[in-house]
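What follows is one structure encoded as structure tokens, with my remarks underneath.
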Amino acid sequence: MKASAFNYARASSVGNAIELLSQYGERAKVLSGGQSLMPAMNLRLLAPEMIVDIGALDELRGITRQDGILSIGALIRHVDLQNSPLIATCAPLLKEAIAHVAHPAIRNRGTIGGSLAHADPASELPACVIALDATIIVRGPASERRIAAEDFFIGIYETALSADELLVAVEVPLPRSNAAHYFCEFARRHGDYAIVGLAAQAVVDNQKLSDLRPVFFGVGDKAMHVKVPVLLGVDVTPKVLSDALQALGAALDPPEDQQASGAMRRHLSKVLLARCVAALLSRPDLAALERA
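Structure below.
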């Protein structure tokens, strides 16, 4: 199947792209990497009247570090995140997660802005930017907005972006001292959409978690930051972790589909949290609770 007929415009600047989006509104779609948009169009799941191609906008490229912030342009490709020394130093969670995103052909074209704007609930990057407490920068006809990543994702393929706004950058706070991260997902095959995944950022002080941001994906209509205060500032005993796993199970209501039942997703989420805490604290004994 092929896409239905559409108009095409190659934006000459961010301002020009926003003008086009303002003109066409909901009838327009932005083309960055195209790795999600084009298949959806070819399957007639989307039939936009106008495609606004932002691929030539160099102002949306680049990774910089300044004043305690790592700024990532919306057109930075997955492969750029994977190979960037700045990402490896300042946001290693992103580098680790990217290796799980689809396959090399997709990573060579897909962009961070495109992935976030697409808002697939089983996608790795939305969960990562929430775990990193990132800020999404969007620009519209009148002004620029700064949206906390946790508030940016609303539902399945739905974000806080207005039809006349363009996602231009992502800002990530530089990691605190003693920062640590964890990433893992369960998928049928490497590169497939995750059945369940977990991206987490933490601060570890004296074998205690003084901060922990675990964000699950594939368990709802968007990436879910599930707070587990029982784990913070205490010696994590098997009883403490067991209580956290029970609280997690109560907080989740995963969907059922051809990949897995809701009960299986809930169990796998507990497995991931147990492994996460065990890895962050270098306590392999805690991982045994994954069978709880």
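Each residue of the sequence shown is one higher than the one before, counting from 15 in the working numbering. All residues carry an ideal CB built from backbone N, CA and C; glycine is no exception.
Enclosing alpha helix (DSSP H) for residue i [first to last residue]
i: Pro-252; result: 252 to 265
i: His-129; result: What sits at residue 129 in the sequence shown is Ser, not His. Ser-129 -> alpha helix (DSSP H) spans 126 to 132.
i: Pro-187; result: Looking at the DSSP string, Pro-187 is not in any alpha helix (DSSP H); the run it does join, the beta strand (DSSP E), is 180 to 187.
i: Glu-110; result: 106 to 112
i: Ala-25; result: Looking at the DSSP string, Ala-25 is not in any alpha helix (DSSP H), and its letter there is neither H nor E.
i: Ala-119; result: 118 to 121
i: Pro-53; result: 51 to 56
Local conformation of residue i per DSSP, three classes
i: Ala-293; result: helix
i: Glu-33; result: helix
i: Tyr-38; result: helix
i: Gly-276; result: helix
i: Leu-146; result: coil
i: Ile-77; result: strand
i: Ile-168; result: strand
i: Glu-158; result: strand
i: His-239; result: strand
i: Glu-138; result: helix
i: His-195; result: strand
i: Val-101; result: The sequence shown places Ile at residue 101, rather than the Val named in the question. Looking at Ile-101 - three-state DSSP - the assignment turns out to be helix.
i: Val-285; result: helix
i: Leu-45; result: strand
Contact under 7 Å by Cβ, residue i with residue j
i: Leu-181; j: Cys-290; result: no
i: Val-210; j: Leu-175; result: no
i: Pro-155; j: Ser-36; result: yes
i: Leu-89; j: Arg-79; result: no
i: Ala-194; j: Val-229; result: no
i: Leu-300; j: Ala-292; result: yes
i: Ser-46; j: Ile-68; result: yes
i: Leu-108; j: Cys-142; result: yes
i: Tyr-207; j: Ala-162; result: no
i: Ala-105; j: Leu-84; result: yes
i: Pro-140; j: Phe-167; result: yes
i: Leu-287; j: Leu-246; result: no
i: Ile-112; j: His-132; result: no
Beta-bridge pairing of residue i - partner residues as DSSP gives them
i: Arg-227; result: Gln-215
i: Val-93; result: Beta-bridge pairing links Val-93 to no other residue.
i: Leu-246; result: Leu-223
i: Arg-153; result: Glu-158 and Leu-180
i: Val-210; result: Phe-200
Limits of the beta strand (DSSP E) - the one that residue i falls within
i: Asp-67; result: 64 to 67
i: Leu-84; result: 83 to 87
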